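*Asks:*
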Amino acid sequence: MTSARDWLRTDRLPHIYCTGCGNGTVINCTLAAISGMGWERDETVFVSGIGCSSRAPGYIQTDSLHTTHGRALAFATGVKLAKPDLNVVVFTGDGDLAAIGGNHFIHACRRNVDMTVVCMNNQIYGMTGGQGSPTTPMGAQSTTTPYGSAEAAFDLAELAVAAGANYVARWTAYHVKELTKAIATGLQTPGLSFIEVMTQCPTNYGRRNKQRRVSDMIEHMRTHALLIEKKRRLESEGTPIPEGMFTVGELVRRARPAMGVRR
Amino acid sequence: MSRIEFMQGNTASAEGALAAGCRFFGCYPITPSTEIAEHMARKLPKAGGTFIPMEDEIGSIASVIGAAWTGARAMTATSGPGFSLMMENLGYAVMTETPLVVVNIQRGGPSTGQPTRAAQGDMMQCRFGSHGDMATIAITPNSVQEMFDLTAKAFNLADRYRVPTFVMSDEIIGHMRERIVIPDSVETVSRPPLAEGELPFAAGDDGIPGFAPFGTGRHVHVTGLTHDERGYPDTTDAEAHDALVRRLYRKVESARREMADYEVTNPDAESVFVTYGPPSRTVQQLLHDRQDEGVGHLRLRVVWPFPEFALQEFADAKVFLMPELNMGQMAREVERHVDQPVIPIPKLGGELHTPAELASVLEAHR
Ligand SMILES: Cc1ncc(C[n+]2csc(CCOP(=O)(O)OP(=O)(O)O)c2C)c(N)n1
Ligand SMILES: [Mg+2]
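In order, the protein sequences belong to chains A and B.
Reminder that position 16 of the first sequence reads as 15 in numbering that gives the first Met the number 0, one-by-one numbering, no gaps.
Reminder that position 13 of the second sequence reads as 12 in numbering that gives the first Met the number 0, one-by-one numbering, no gaps.
The following block contains the structure:
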């Protein structure tokens, strides 16, 4: 069996990520889950769009397709349907997936193409320097929301559930064990598996939103993550859910008809 | 045994693709190209291929590029508005040297324009439509037979040169029904394979790197960023960018003699029509009616890369006349290669020039 390290494209290092960025953690958890599956590198393809998060496939020693902004899922659909024997894993960001790529996102979930999609949601367009994205929380500061974001944010995981993905989970870069397990479950589930990972972007989010230190951001994720089971319980009790909390855990695991499943 | 049929141009294009081994079709319907997708939807699954209706044309060309990297011959078909949506990903295909075929059944533009009428208004777009410098291949059928033959040929050109190749047809040829001979098999040229120990984006003298499909253990990193021979991003080195863009440009431009495909009629003529696509049929009619050796005809089947040497075949030419279903797009290209006057004869609205219309322009410039 391989280890996460065996999957790294070491001659591409060092990587472009800033000190304290959560993306490395997500890549590590993903590769750990993949090596746990016993997958072969020669049979696995990573696909991504454009953004810091989408640079991940470039650091992995497999075939990889670093595509255009927002379109990763459409490219991945072509790869998987043309050659279902390949394992397809997509890395994407909140902007890539939910802004410019929103249409491909819902349709990929609807088709339920057999692939695993890992979204690094740092609530910001990181690569372009910190502009507000569709997941930037209301009131948050970014270079394009200097008076605080006036828009409601998307809940990406709920969107994937509504659109039909067979497996949907959300964790954070703090919850590495749970995250790795969720990705592994996603890899095992036929159909589209969507794992949203809340990640810290200290450079372009934390710095402008009173979370100056990386540890502030991680602490924020730890203290604001609410287990989905707990949320449901609070709701059924009629207990109000505290402001600023977001749910983590497994939102759905089901067996809707899927496309591109290896024969 | 070859067989004879009476077929629509769009169907013939789909049949040509199938004969050439196309096994992936991503689509989003648009008039007047839709029959190609519909035919593929019926036929591809039976041929062991994949047909996928995508959510838009950005997605359909993206899926085609993804499929092409698994080694499949892959294509899509569209028209003006859809072609416009594909531009960014077509630039990606150029940059990543992804072989694929797009059939554009041109209709009147700009914008939604004339969905059911013919035009040739995208001839510059297929060459210059995506951002950055690039070279592509475009071929222009003028009959149902050529919809079959040239679509099949487009796959060979795409694979040989690893570049997106466009079948630039139009509503007239796409929707016309004619007699067609379907051959038993068509000639196929494969992608140059990636040699053992060779880097995935290193090219020899012909400028074309070897291709290793996904899943064959070569661990190719494909990116639209400026990259080195390993395929690794190298986005700030001026020389790396210069070398890559020049190679992508030259591998197509320097092969234009190899790719050239044109017909010459009356090479000693002084008045020469230069055409591609359906206006060539009006000129053929005119020449048939007149039997005048003073009138020549250069009919292009490959327009990009442009075969400027073909113009020299008319050593005595005094004037070049260019009927096009646009405001004079390829006339500008011809103009920069010759000293003689080039007379654009634009026709907009969806109908072909009549022989009489061409005759009057001809007489006016004799
Ligand atoms: C068509 C297009 N529009 C805009 C851009 C510029 N751009 C590059 S990355 C990016 C945002 C990326 O945000 P996200 O997907 O959240 O990734 P992150 O960098 O935060 O990981 C944008 C807008 C582009 N590359 N292409
Ligand atoms: Mg982001």
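Note that CB positions come from ideal geometry on N, CA and C, so glycine has one too.
What you are looking at is a predicted structure, and each value in this text was computed from that prediction instead of being measured.
Give me the subset of the stretch 18-37 of chain B whose CB atoms are less than 7 Å from a CB atom of chain A, sorted by chain position.
*Replies:* Going along the stretch 18-37 of chain B in chain order, one finds PHE23 and GLY25 with a Cβ nearer than 7 Å to chain A.
*Asks:* Quick one: list the residues of chain A neighbouring TRP303 (chain B), beta-carbon separation under 7 Å, in chain order.
*Replies:* Per Cβ cutoff of 7 Å: no residues; TRP303 (chain B) is ~23 Å from chain A at best.
*Asks:* Just to confirm my understanding: we take ILE64 (chain B), look at its own chain, exclude 5 residues before and 5 after, and list those with CB closer than 6 Å. What are they?
*Replies:* Contacts found: ALA92 and THR97.
*Asks:* With a threshold of 16 other CB atoms inside 10 Å of the CB of SER270 (chain B), please say whether the residue is buried or exposed.
*Replies:* So SER270 (chain B) counts as buried.
*Asks:* List, in order along the chain, the chain A residues whose C-beta lies closer than 7 Å to that of GLY173 (chain B)?
*Replies:* Residues of chain A passing the Cβ test: none, with the nearest at roughly 25 Å.
*Asks:* Would SER168 (chain B) and PRO140 (chain B) be called neighbours here (beta carbons separated by less than 8 Å)?
*Replies:* Result yes, Cβ atoms of SER168 (chain B) and PRO140 (chain B) sit closer than 8 Å.
*Asks:* LEU96 (chain A): which of A:VAL44, A:ASN22, A:ASP84 and A:ASN120 sits nearest, CA to CA?
*Replies:* It is A:ASN120.
*Asks:* Decide if PHE5 (chain B) is buried, meaning its Cβ has at least 16 other Cβ atoms within 10 Å, or exposed.
*Replies:* When all chains shown are included, PHE5 (chain B) counts as exposed.
*Asks:* If you draw a straight line from the alpha carbon of LEU357 (chain B) to that of VAL282 (chain B), how long is it in whole angstroms?
*Replies:* The straight-line gap from Cα to Cα measures roughly 8 Å.
*Asks:* Is the beta carbon of ILE99 (chain A) within less than 7 Å of some heavy atom of ligand 2?
*Replies:* Answer for ILE99 (chain A): no, Cβ out of range of ligand 2.
*Asks:* Quick one: grab the DSSP three-state call for TYR16 (chain A).
*Replies:* Here TYR16 (chain A) sits in coil by DSSP.
*Asks:* Return the residues of the stretch 207-224 of chain B that lie within a Cβ-Cβ distance of less than 9 Å from chain A, sorted by chain order.
*Replies:* If the cut-off is 9 Å between Cβ atoms, the stretch 207-224 of chain B has ALA211, PRO212, PHE213, GLY214, THR215, GLY216, ARG217, HIS218, VAL219, HIS220, VAL221, THR222, GLY223 and LEU224 near chain A.
*Asks:* Can you name, in chain order, every residue of its own chain whose Cβ lies under 8 Å from the Cβ of ILE59 (chain A), other than the five neighbours on each side?
*Replies:* Closer than 8 Å at Cβ, skipping near neighbours: TRP6, LEU7, ARG8, ILE26, LEU30 and PHE45.
*Asks:* So, is ASP132 (chain B) buried or exposed, given that buried needs 16 or more other C-beta atoms within 10 angstroms?
*Replies:* Classification for ASP132 (chain B): exposed.
*Asks:* Mind checking whether the beta-carbon of ASN121 (chain A) lies closer than 7 Å to any heavy atom of ligand 1?
*Replies:* Yes, since a heavy atom of ligand 1 falls inside the 7 Å radius drawn around the Cβ of ASN121 (chain A).
*Asks:* Measuring straight from C-alpha to C-alpha, what distance separates ARG178 (chain B) and GLY50 (chain A)?
*Replies:* Distance between the alpha carbons of ARG178 (chain B) and GLY50 (chain A): 52 Å.
*Asks:* Could you check what DSSP says for ASP198 (chain B) in three-state terms: helix, strand or coil?
*Replies:* For the record, residue 198 (chain B) in the displayed sequence is Leu; it is not Asp. Coil, per DSSP.
*Asks:* Does DSSP put ILE99 (chain A) in a helix, in a strand, or in coil?
*Replies:* It is coil, neither helix nor strand.
*Asks:* For ALA76 (chain B), name the three-state secondary structure that DSSP assigns.
*Replies:* DSSP places ALA76 (chain B) in strand when its eight states are reduced to three.
*Asks:* What are the partner residues of GLN105 (chain B), as DSSP defines its beta bridges?
*Replies:* GLN105 (chain B) is bridged to B:ASP169.
*Asks:* So, is CYS75 (chain A) buried or exposed, given that buried needs 16 or more other C-beta atoms within 10 angstroms?
*Replies:* According to the sequence displayed, residue 75 (chain A) carries Ala and not Cys. Per the 10 Å Cβ criterion, buried.
*Asks:* For SER62 (chain B), return the contacting residues in chain A, with the cut-off set at a CB-CB distance below 8 Å.
*Replies:* Those are ALA73, PHE74, THR76, GLY77 and LEU80, listed as they occur along chain A.
*Asks:* Between GLU292 (chain B) and ALA134 (chain B), which are expected to be in contact by the criterion C-beta below 8 Å, what is the C-beta distance as a whole number of angstroms?
*Replies:* Not confirmed; about 36 Å, so no contact.
*Asks:* State the DSSP-derived secondary structure class of ARG54 (chain A), mapped to helix, strand or coil.
*Replies:* In the structure shown, ARG54 (chain A) sits in a helix (DSSP, three-state: H, G or I).
*Asks:* For PRO343 (chain B), count the other beta carbons within 10 Å of its own beta carbon; 16 or more makes it buried, fewer makes it exposed. Which is it?
*Replies:* PRO343 (chain B) is buried by the Cβ-count criterion.
*Asks:* Grab the span of the beta strand (DSSP E) containing THR115 (chain A) for me, first residue to last.
*Replies:* It spans 114-120 - the beta strand (DSSP E) in which THR115 (chain A) sits, taken as one unbroken run.
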